[in-house]
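Q: First the structure, which I've put down as structure tokens, then a few questions once you've had a look.
Protein chains in written order, with my numbering: chain H, 1 to 292; chain B, 1001 to 1156.
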């Protein structure tokens, strides 16, 4: 693995792993040149994160829809068994949280969140150098860059805050949409301004409840990002141990990598689950009509 | 770590994938699972019903069986009593008949004996008279000594 990074320093190696492949709008037009990133404004895309995210979304849809050639009411087998297990698990969670209100969208959304986020997290288990090195070789071979060192490729989408906050934003929009739909605009505004101190303290209430509301998507997105980013960082640091010439440190690195990967399997699933449960809980709260 | 349009791209992708899942992935599988659930519930109910009807049938069978047994016992008892009555009747009849036969037979025997005795007497007296005639000659004639003959016959 170390050979691919050539004469990079440790800092450069880490920096390389944490930098996205960006395509964006510069004053001179659209470009994917890494050295033009500074000139890009808001209109730039992390092609790697977004590409993997969409690819894994398609894997999810393909597995759950096209993976089952023929749905059977008999005892399910193979992929159908797995798919039904996932759906039952999600459905149970949704029904235990959504006790009074009913919403047909929540189940499918929770399933999408669970499986998609899990698949994105799962990319963390691919050894950190494999895909970036491959991408670098491909870029060099096709002449997109002169040196494979200039090809940046960050694989795990959920280590990109744009991805996690992007999903949190969609959830946030749904929270507001359902709050207004269920309680009416008046009810929603009343919830924001009349608690917890009554109507004479409206500005204070608005600040408190506003923070409460904004904190939901921010914490939802940053929790997932933080966990995965930290996990990825540790993988990179362990991989860095293998670049040293000492065999003992290399062996230690292999052992640590194994241990961290095993432990990380738990974190990946857990974070996907937490993201799903919080999505359901926030939307269930948006459906609650009674006063607190 | 910079926030850029990737965020909006991911939001869009999220909306699209949720919509696909909502429209095409979730409903068919949920429908299949609900259908299977219903079939299993129906099957269980049918099994319970069959169990109940089996129990009912067993009960009815037991009742019929007991009834039939009681009837059979009754019939047997009747037949037994009838048979013993027939035997009694036959015995009685036979006894009466036997007595009748016996009495008529003894009467006949008595008659025959009396008849034989009478005849014997007759023959005896005639024999005596004949013998006496031969001994005494003509002195004794049956016509003349009718009285005497009668007396001798009665003394024999």
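Glycine residues also receive a C-beta, built at the ideal position from the N, C-alpha and C atoms. Keep in mind the model is a prediction, meaning the values are calculated, not measured.
Sort out for me which residues DSSP pairs residue 1100 of chain B with in a bridge.
A: Numbered from 1 along the second chain, position 100 holds the residue referred to as residue 1100 of chain B. Residue 1100 of chain B is not bridged to any residue.
Q: Let me confirm a value: residue 40 of chain H is counted as buried when at least 16 other C-beta atoms fall within 10 Å, else exposed. Which label applies?
A: Here residue 40 of chain H corresponds to residue number 40 of the first chain, with the count starting at 1. The residue in question, residue 40 of chain H, is buried, as its Cβ has 16 or more Cβ neighbours within 10 Å.
Q: Is there contact between the segment 195-202 of chain H and the segment 147-154 of chain H, where contact requires at least three CB pairs shorter than 8 Å?
A: The answer is no - the segment 147-154 of chain H does not touch the segment 195-202 of chain H, with fewer than three Cβ pairs under 8 Å.
Q: Using the beta-carbon count (16 or more within 10 Å), is residue 254 of chain H buried or exposed?
A: As a position in the first chain, residue 254 of chain H is number 254, starting the count at 1. Classification of residue 254 of chain H: exposed, given that the 10 Å Cβ count is below 16.
Q: Based on the DSSP secondary-structure assignment, which residues constitute the bridge partners of residue 44 of chain H?
A: The residue you call residue 44 of chain H lines up with position 44 of the first chain. Residue 44 of chain H pairs with H:24.
Q: Identify which residue in H:56, H:161 and H:231 has its Cα closest to the Cα of residue 267 of chain H.
A: Sequence index remark: in the first chain, residue 267 of chain H carries index 267 (1-based). It is H:231 whose Cα lies nearest to the Cα of residue 267 of chain H.
Q: Is it buried or exposed, residue 1061 of chain B, if we count other Cβ atoms within 10 angstroms and call 16 or more buried?
A: Here residue 1061 of chain B refers to the residue found at position 61 when the second chain is read from its first residue. Residue 1061 of chain B comes out exposed.
Q: Which term fits residue 163 of chain H, buried or exposed, when burial requires 16 or more other beta carbons within 10 angstroms of its beta carbon?
A: Working through the first chain from its first residue, we reach residue 163 of chain H at position 163. Under this definition residue 163 of chain H is a buried residue.
Q: If you follow the alpha helix (DSSP H) that residue 164 of chain H is in, where does it begin and where does it stop?
A: Here the question's residue 164 of chain H lines up with position 164 in the first chain. Counting along the chain, the alpha helix (DSSP H) containing residue 164 of chain H begins and ends at 161-193.
Q: For residue 78 of chain H, which of helix, strand or coil comes out of DSSP?
A: Sequence index remark: in the first chain, residue 78 of chain H carries index 78 (1-based). It is helical.
Q: Just reading off the alpha helix (DSSP H) that residue 260 of chain H is part of, what are its end residues?
A: The residue given as residue 260 of chain H occupies position 260 in the first chain. Run containing residue 260 of chain H: 247-287, per the alpha helix (DSSP H) assignment.
Q: When the cut-off is 8 Å and only beta carbons count, does residue 1045 of chain B lie next to chain H?
A: For the purposes of this step, residue 1045 of chain B is identified with residue 45 of the second chain, where counting begins at 1. Not closer than 8 Å to any Cβ of chain H, the Cβ of residue 1045 of chain B fails to qualify, so no.
Q: If you measure from the beta carbon of residue 1008 of chain B to each beta carbon in chain H, is any gap under 8 Å?
A: For the purposes of this step, residue 1008 of chain B is taken as the residue at position 8 of the second chain. Yes, because at least one Cβ of chain H sits closer than 8 Å to the Cβ of residue 1008 of chain B.
Q: Does any residue of chain B bring its CB to less than 8 Å from the CB of residue 54 of chain H?
A: Along the first chain, read from residue 1 onward, the residue named residue 54 of chain H stands at position 54. By this cut-off, residue 54 of chain H is an interface position.
Q: I want to verify the contact list: residues of chain H whose CB lies under 7 Å from the CB of residue 1075 of chain B, in sequence order.
A: Here residue 1075 of chain B refers to the residue found at position 75 when the second chain is read from its first residue. Neighbours of residue 1075 of chain B on chain H: none; closest Cβ ~57 Å, over 7 Å.
Q: If the cut is a Cβ gap below 8 Å, which residues of chain B does residue 167 of chain H touch?
A: In the first chain, counting from the first residue as 1, residue 167 of chain H sits at position 167. Here the neighbours are 1010, 1011 and 1014.
Q: Leaving out the 5 sequence neighbours to the left and right, which residues in its chain are closer than 6 Å to residue 165 of chain H when beta-carbon positions are compared?
A: Along the first chain, read from residue 1 onward, the residue named residue 165 of chain H stands at position 165. Correct list, in chain order: 221.
Q: With C-beta atoms as the reference, is residue 144 of chain H less than 8 Å away from residue 52 of chain H?
A: Within the first chain, the letter at position 144 stands for residue 144 of chain H. Within the first chain, the letter at position 52 stands for residue 52 of chain H. Result no, Cβ atoms of residue 144 of chain H and residue 52 of chain H do not sit closer than 8 Å.
Q: Against residue 1005 of chain B, what residues of chain H qualify as contacts under a CB-to-CB distance less than 7 Å, listed in chain order?
A: Residue numbering aside, residue 1005 of chain B sits at position 5 when the second chain is read from its first letter. Result: 42, 43, 44 and 45.
Q: Taking Cβ-Cβ distances shorter than 8 Å, what residues in chain H pair up with residue 1033 of chain B?
A: Start at 1 with the first residue of the second chain, and residue 1033 of chain B comes out as number 33. Here the neighbours are 84, 87 and 88.
Q: What residues of chain B sit near residue 241 of chain H, judged by a beta carbon separation below 7 Å?
A: Locating residue 241 of chain H in the first chain gives position 241, counting from the first residue. The premise fails here: residue 241 of chain H is roughly 25 Å from chain B at the closest Cβ pair, so nothing lies under 7 Å.
Q: Helix, strand or coil, according to DSSP, for residue 107 of chain H in the structure here?
A: Numbered from its first residue, the first chain carries residue 107 of chain H at position 107. DSSP places residue 107 of chain H in helix when its eight states are reduced to three.
Q: List the endpoints of the continuous alpha helix (DSSP H) containing residue 133 of chain H.
A: Position 133 of the first chain, counted from the first residue, corresponds to residue 133 of chain H. Looking at the DSSP string, the run of the alpha helix (DSSP H) that includes residue 133 of chain H is 130-141.
Q: Restricting to Cα atoms, I'd like to know which of H:214, H:105, H:233 and H:170 is closest to residue 156 of chain H.
A: Position 156 of the first chain, counting from 1, holds the residue named residue 156 of chain H. The shortest Cα separation from residue 156 of chain H among H:214, H:105, H:233 and H:170 belongs to H:233.
Q: By the criterion of Cβ-Cβ separation under 8 Å, what are the contact partners of residue 124 of chain H in chain B?
A: To locate residue 124 of chain H, count along the first chain from 1; it is residue 124. Within 8 Å Cβ-Cβ: nothing; residue 124 of chain H doesn't reach chain B, min ~17 Å.
Q: Going by beta carbon distance, what residues of the same chain come within less than 6 Å of residue 168 of chain H, once the five residues before and after it are set aside?
A: Numbered from 1 along the first chain, position 168 holds the residue referred to as residue 168 of chain H. Result list for residue 168 of chain H: 217, 220 and 221, in chain order.
Q: Would you kindly report the start and end of the unbroken alpha helix (DSSP H) that includes residue 29 of chain H?
A: The residue labelled residue 29 of chain H in the question sits at position 29 within the first chain. Careful: residue 29 of chain H lies outside any alpha helix (DSSP H), inside the beta strand (DSSP E) at 29-31.
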